[in-house]
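Counting with our numbering, you get residues 167 to 293 for the letters of the sequence shown.
Notes to accompany the following structure.
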Amino acid sequence: MCAIENAGLDPDNDPCLSGQVITPLEITELLAEFQRAGLDAEIRYSSFYEIGCYLRVQDEKSALIFEKIEPEEYLVHGDADSLKELIALARSVSQMLCQSELRHRFELYDSQDQLVDYVHFNWSQHN
């Protein structure tokens, strides 16, 4: 079950997102899933990342970065101009991940590092 738990804090603070996705999909397969769902996604190359690349999902003013850190685990981080924009992108990405039944969680924080939203599939906030 996809779930969204909104803490109801101020939506005008500078936001950030951190999270995880558990999937055996390779980065190119995950890219294809995002693109089939109509999301703007691309693989970018950088020596900063352990496998030499990362997956970026974006809209006009927000972006999520997926970094493969284990054979079946991605770390996710993101930012945006506003919390509303980041929540919208996180929910769109989460919806696609839910439809594919991929276990994930996204924690969204304001500029004071307060949790303002928690979006997940099959991942309790208290795990």
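Glycine included, each C-beta is placed from N, C-alpha and C at the ideal position.
query, result
"Neighbourhood of SER258 by C-beta distance below 7 Å, restricted to the same chain and skipping five residues each side", "LEU205"
"Exposed unless 16 or more other CB atoms sit within 10 angstroms - verdict on THR189", "buried"
"Nearest neighbour of ASN288, chosen from LEU274, LEU255 and HIS270 [CA to CA]", "HIS270"
"Same chain, Cβ closer than 7 Å to LYS227, five either side skipped, listed in chain order", "ALA246, ASP247 and GLU251"
"Spatially closest choice to ASP225 from LYS234, VAL242 and ILE253, by CA coordinates", "ILE253"
"C-alpha distance - GLN261 paired with VAL285, whole-angstrom precision", "10 Å"
"PHE272 - DSSP class collapsed to helix/strand/coil", "strand"
"Buried or exposed (CB count within 10 angstroms, at least 16 for buried), LEU274", "buried"
"Contacts around LEU311, its chain only, beta-carbon distance under 7 Å, and the 5 residues preceding and following it disregarded", "The question about residue 311 has no answer here: the residues shown for the chain are numbered 167 through 293."
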